[in-house]
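Below: the structure, in structure tokens.
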Amino acid sequence: MSPPLDAADGRRAGAAAPMTTSTAMPAGHGPELAVVVGATGAMGRVIVQALLARGLHVMAVARSADALAGLKAEVEAAARGHASGLAPGVTPDHAARPAAPTASGTASAAATLHLCPTDIADDRAIADIGAAVAALGRPVRIAVQGAGVATAGGVLEAPTAALVQAVDIKVGGLVRLVRAVEPALRRQSRIVAIGGHYGFEPSAYAATAGVANAALANLVRQYSWALGERGITAHLVAPGPADTERLHRVAAARGARDGQSTAEVLEAMRAESAIGAFTTPEQIAWAIALLCDPQADALAGGTLFMDAGRRKGLP
Ligand SMILES: NC(=O)c1ccc[n+]([C@@H]2O[C@H](COP(=O)([O-])OP(=O)(O)OC[C@H]3O[C@@H](n4cnc5c(N)ncnc54)[C@H](OP(=O)(O)O)[C@@H]3O)[C@@H](O)[C@H]2O)c1
Numbered sequence: 001m002s003p004p005l006d007a008a009d010g011r012r013a014g015a016a017a018p019m020t021t022s023t024a025m026p027a028g029h030g031p032e033l034a035v036v037v038g039a040t041g042a043m044g045r046v047i048v049q050a051l052l053a054r055g056l057h058v059m060a061v062a063r064s065a066d067a068l069a070g071l072k073a074e075v076e077a078a079a080r081g082h083a084s085g086l087a088p089g090v091t092p093d094h095a096a097r098p099a100a101p102t103a104s105g106t107a108s109a110a111a112t113l114h115l116c117p118t119d120i121a122d123d124r125a126i127a128d129i130g131a132a133v134a135a136l137g138r139p140v141r142i143a144v145q146g147a148g149v150a151t152a153g154g155v156l157e158a159p160t161a162a163l164v165q166a167v168d169i170k171v172g173g174l175v176r177l178v179r180a181v182e183p184a185l186r187r188q189s190r191i192v193a194i195g196g197h198y199g200f201e202p203s204a205y206a207a208t209a210g211v212a213n214a215a216l217a218n219l220v221r222q223y224s225w226a227l228g229e230r231g232i233t234a235h236l237v238a239p240g241p242a243d244t245e246r247l248h249r250v251a252a253a254r255g256a257r258d259g260q261s262t263a264e265v266l267e268a269m270r271a272e273s274a275i276g277a278f279t280t281p282e283q284i285a286w287a288i289a290l291l292c293d294p295q296a297d298a299l300a301g302g303t304l305f306m307d308a309g310r311r312k313g314l315p
């Protein structure tokens, strides 16, 4: 049974005590850590691979332990297929792998995947992720909140509970993630939330994404001010529709409303892009990996609009 929660901050009694300041984290002792919530999703899986390829250790977070095990197998298979044999490795728990050359050729501890099954909509996630991060004793270079929410149709029919749940997962989830990793943040650490196009372009058919993603833009800006003094930056990535299972669910809901087939809706949605394209998970992963660069300081508090030219409004 889980230990009780500390009422003040949601950490479990007996959970690893947080370090007191971000600068207390020792530096220069091998790869830093990336924490990815929603790691088993269509985008999360690609983001995990991109961050491992960058030489970061990755802690993959999702509710399903089975799906996390599947992700681990996928990463292992990718590593096996890596011709140079220098691809990132995997550990089933929090144990560190022995030092080995990285893909960049620099000798350091090999990047590894760590699994942390927990529900980001529950305050217990703060203790779960916090303890797993503390056990590794590494600075968190980047924390990504990419948990997906249920698609519940348009604002006229979406259950109010679905709206509340979407905010709890995406917005509450970011708050819980930041509380969990904050002791391990240091200068140039990144907080990244994946929002979405409908947060900036409200539609009649994507109520949960619209509300939760709009709120994320505000929350990210709050973190930018709250943590900026310590050199920590917060960012929102706002993908347009990506050709994933999630998009097919949104298209089905829109089709049901408009009396069209899912295929017709998908075609129409593609045409809403200036370049006639959907965003790809690989493009999102590229942007998130890029945010690890020191130059991304200049993007503090900002939104990366990755909608393949869908927006007409300014900015
Ligand atoms: N796909 C698109 O077209 C699109 C477009 C714009 C924005 N986005 C945004 O991009 C993000 C990722 O989307 P996606 O398509 O990759 O989603 P997805 O394939 O549905 O994956 C969702 C991920 O979130 C995890 N998750 C869901 N609820 C969770 C919870 N309570 N606690 C912990 N993990 C949870 C899922 O694992 P478990 O179920 O095991 O927990 C899974 O790993 C979402 O924020 C979505 O809104 C997507």
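Oh and the sequence shown: position 237 is 237 in the UniProt record's numbering, straight run, nothing missing. All residues carry an ideal CB built from backbone N, CA and C; glycine is no exception. Computed from a predicted structure; not experimentally measured.
According to the neighbour-count rule (16 or more other Cβ atoms, all chains shown, within 10 Å of its Cβ), is alanine 95 buried or exposed? Only weak support is given to the placement of alanine 95: the predicted model assigns it a pLDDT of 33, under 50, and the question is left unresolved by the model.
Are the CB atoms of alanine 242 and proline 281 nearer to each other than 7 Å? Taking 7 Å as the Cβ cut-off, alanine 242 and proline 281 qualify as a contacting pair.
Sequence-distant residues of its chain with Cβ nearer than 8 Å to glycine 70 (five each side left out): By the criterion of a C-beta distance shorter than 8 Å, glycine 70 is surrounded in its chain by Thr40, once the five residues flanking it on both sides are discounted.
When DSSP labels each residue in this structure, what does glutamine 283 get in the three-state scheme? If DSSP states are grouped into helix, strand and coil, glutamine 283 belongs with the helices.
To the nearest angstrom, report how far apart alanine 193 and serine 64 are at their CA atoms. Cα-Cα distance, rounded: 21 Å.
Would you decide whether aspartate 307 is buried or exposed? Buried here means 16 or more other CB atoms lie within 10 Å of its CB. Buried, because 16 or more other Cβ atoms sit within 10 Å of the Cβ of aspartate 307.
CB of glycine 146 to nearest heavy atom of ligand 1: below 6 Å? Annotation for glycine 146 indicates a beta carbon within 6 Å of some heavy atom of ligand 1.
Along the chain, where does the alpha helix (DSSP H) containing glutamine 49 start, and where does it finish? Element bounds for glutamine 49: 42 to 53.
With a threshold of 6 Å, establish whether the CB of leucine 177 neighbours any heavy atom of ligand 1. Incorrect: leucine 177 has no Cβ contact closer than 6 Å to ligand 1.
Cβ separation of arginine 138 and leucine 33, assumed to be a contact under 8 Å, to the nearest whole Å: With 8 Å as the limit, arginine 138 and leucine 33 qualify as a contact, their Cβ atoms being about 4 Å apart.
Own chain, CB closer than 7 Å to glycine 196, minus 5 neighbours either side, in chain order: Excluding sequence positions up to five before and after glycine 196, its CB lies within less than 7 Å of the CB of Ala209, Asn213, Ala238 and Pro239, all in the same chain and listed in chain order.
Smallest Cα separation from residue 332: which of Ala50, Cys292 and Met59? Residue 332 lies beyond the range of the chain shown here (1 to 315); nothing can be said about it.
Exposure label - serine 224; buried when at least 16 CB within 10 Å: With 16 or more Cβ atoms within 10 Å of its Cβ, serine 224 is classed as buried.
Quick one: is leucine 157 buried, meaning 16 or more other Cβ sit within 10 Å of its Cβ, or exposed? A quick correction: the sequence has glutamate, not leucine, at residue 157. Looking at its Cβ environment, which holds fewer than 16 other Cβ atoms inside 10 Å, glutamate 157 is exposed.
At a cut-off of 6 Å, is arginine 246 close to ligand 1 when judged by its beta-carbon and the heavy atoms of the ligand? Answer for arginine 246: yes, Cβ within range of ligand 1.
In its own chain, which residues sit with a C-beta less than 7 Å from the C-beta of glutamine 283, not counting the 5 before and 5 after it? The beta carbon of glutamine 283 is closer than 7 Å to those of Met306 in its chain, skipping five residues each way along the sequence.
Which whole-angstrom value is the C-beta distance of alanine 121 and glycine 44, which I expect to be below 8 Å? Distance from alanine 121 to glycine 44 at the Cβ level is roughly 16 Å; contact not present, criterion being Cβ atoms closer than 8 Å.
Going along the chain, which residues of its own chain have a beta-carbon closer than 7 Å to the beta-carbon of leucine 290, five neighbours each way excluded? Only Ala296 meet the Cβ criterion.
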